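Add 838 to the 1-based position in the sequence shown for this note's numbering, that's all there is to it. Working notes for the structure below.
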Amino acid sequence: MGERFEVEATGIAHGGAAVARVAEEGGRVVFVRHAIPGERVVVEVTEGGDDDRFWRADAVEVLRASPDRVAAPCPVAGPGGCGGCDFQHVALDRQRALKAEVVAEQLRRLAGLEVPVTVEPVPGDEGGLRWRTRVRFARTPDGERGMRRHRSHDVVPVDDCLIARTDAREPVPGAAPLRETVTVGATTASFTVAADGFWQVHPGAPEALVAAVLEACRPRSGERVLDLYAGVGLFARFLGEAVGAAGTVLAVEGDPTAAQHAADNLADLAARAEVVSGAVHDVLDERSADPVDLVVLDPPREGARRPVVEQVAARRPRAVAYVACDPAALARDVAIFAEHGYALSSLRAFDLFPMTHHVECVALLEPRG
Ligand SMILES: C[S@@+](CC[C@H](N)C(=O)[O-])C[C@H]1O[C@@H](n2cnc3c(N)ncnc32)[C@H](O)[C@@H]1O
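Written out as structure tokens, the structure is:
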């Protein structure tokens, strides 16, 4: 820790650090924050000892800069500063290219697939800043607003977080629910969501994701749809409209408050929409006899995992739209779908979290052949 080395950053890792090797250490891998692949930098080791397979480090001096290096807009984005953003020092187009490399690499490594990936911008931010509609500040021991350092509980004072909108809300448990409005094509819908409940934080995200899901799985009149990990019913609402009065949508959500909001948000779809509050695995078990044409899966970061993927594949839907915030979990689940005869037929990726390493994907899985 604290030692300095000169290295060449050669690639990008899942998590936003550049990959380099330390020649003096027999080529030991070091994950470097604040560097860009292609750069030559001096790193200072922040984590790791003699027995560790890899180290972590910060780039503290740039010896040969990438043409994509920019001055970080945020004063606390550099080494030792706030751990929230990974890519403030990188031009936006290159940020997206780096995220695309990560998604492609996860699919290659974990699912054995060669997939061309483009990360698309979505409207609603200001050059990658001012997009978070919700923000949770930590507090310094003196009670000042702040953000945590990378991989630390220490709090760096941050009064104005530049990726947050100036009117961003700090989620307060028990506060009055919020009302969100989403327009996709000719359909506008409103959603009640708890002040501290799940809702996409980028203002362009709900529209972009709903449109991508509809475009991928093309719901038809009369189809039977499962919206798994449904939150307050965002996808269920638009899918319900698309399948018409002859179709059905079953929304499954584990959080009872979100499930209650989903029931309210879908109430005017009447008999065609049903909300079940419970764990996806249990509900799929209980409802295993229901026929299913389409499935939307939007699990938390850890992904749907093998048991749920196998339950979904066993129902033989004609298409599965998988919305994923972790490309590694997505790639692992795509590989499990492949074992059960489902192939990845399209993939889109969206820059819903500019300046950070995070990226959202919408994958379409269809029965092979
Ligand atoms: C990424 S959010 C998606 C919400 C919704 N699709 C949306 O776009 O607003 C994941 C949701 O899954 C729910 N969840 C997590 N684990 C679950 C489980 N095992 N069974 C059912 N729901 C679960 C969470 O409460 C959360 O609402």
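Positions of the beta carbon are idealized from the N, C-alpha and C atoms, including for glycine. Bear in mind that the values here come from a model prediction, so they are computed numbers and not experimental data.
- Proximity to Cys999 across Gln933, Arg934, Cys912 peaks at Cys912, based on C-alpha coordinates.
- DSSP places Arg1062 within a strand segment (E or B) once states are collapsed to three.
- In this structure, ligand 1 has a non-hydrogen atom nearer than 7 Å to the beta-carbon of Val1070.
- A direct Cα-to-Cα measurement between Trp1037 and Ala1105 gives close to 19 Å.
- Counting only the Cα atoms, Phe892 lies some 19 Å from Glu943.
- Here the region 957 to 969 makes no contact with the region 980 to 995; the two share fewer than three CB pairs at distances below 8 Å.
- Only residues of its own chain outside the window of five on either side were considered, and among them Val1130 have a CB closer than 7 Å to the CB of Arg1153, listed in chain order.
- Buried is the label assigned to Met985, since at least 16 other Cβ atoms lie within 10 Å of its Cβ.
- In the DSSP secondary-structure assignment, Gly849 is bridged to Val857.
- In the DSSP assignment, Arg932 falls outside any beta strand (DSSP E) and within the unbroken alpha helix (DSSP H) covering 930 to 949.
- Taking the Cα of Gly950 as reference, the smallest distance to any Cα among Leu1203, Ala1173, Val1022, Ala1027 is reached at Ala1173.
- Here the distance from the Cβ of Pro1137 to the nearest heavy atom of ligand 1 is below 7 Å.
- Here Asp896 is bridged, per DSSP, to Arg871, Glu882.
- Among the bridge pairs identified by DSSP, Met839 is matched with none.
- With a beta-carbon spacing of about 4 Å, Val1070 and His1099 fall inside the 8 Å limit used to define contacts.
- Where Val1048 is concerned, the enclosing alpha helix (DSSP H) starts and stops at 1043 to 1055.
- By the neighbour-count definition (other C-beta atoms within 10 Å, threshold 16), Gly1012 is an exposed residue.
- Short of 6 Å from the beta carbon of Arg842, and not among the five residues preceding or following it, lie these beta carbons of its own chain, in chain order: Val880, Glu882.
- The distance from the Cβ of Ile1001 to that of Val928 is about 14 Å, inconsistent with a contact at the 8 Å cut-off.
- If you draw a straight line from the Cα of Arg983 to the Cα of Gly922, it is about 14 Å long.
- In terms of side-chain proximity, the C-beta atom of Ala1111 is found no nearer than 7 Å to any non-hydrogen atom of ligand 1.
- Taking C-beta separations shorter than 7 Å and ignoring five residues to either side along the sequence, the partners of Glu846 in its chain run Ala858, Arg878, following chain order.
- Short of 6 Å from the beta carbon of Ala915, and not among the five residues preceding or following it, lie these beta carbons of its own chain, in chain order: Cys923, Gln926.
- Under the 10 Å beta carbon count, Ser904 is surrounded by 16 or more other beta carbons and is classified as buried.
- Judged by DSSP in its simplified three-state form, Pro1205 adopts strand.
- Annotated three-state conformation of Val953 is coil, per DSSP.
- Between ligand 1 and the CB of Asp1093, the shortest heavy atom gap is smaller than 7 Å.
- Buried is the label assigned to Glu1091, since at least 16 other Cβ atoms lie within 10 Å of its Cβ.
- Scanning Ala855, Leu1135, Ala1142, Asp1123 for the CA closest to the CA of Leu1047 turns up Leu1135.
- DSSP lists Ala976, Pro995 as the bridge partner or partners of Gly984.
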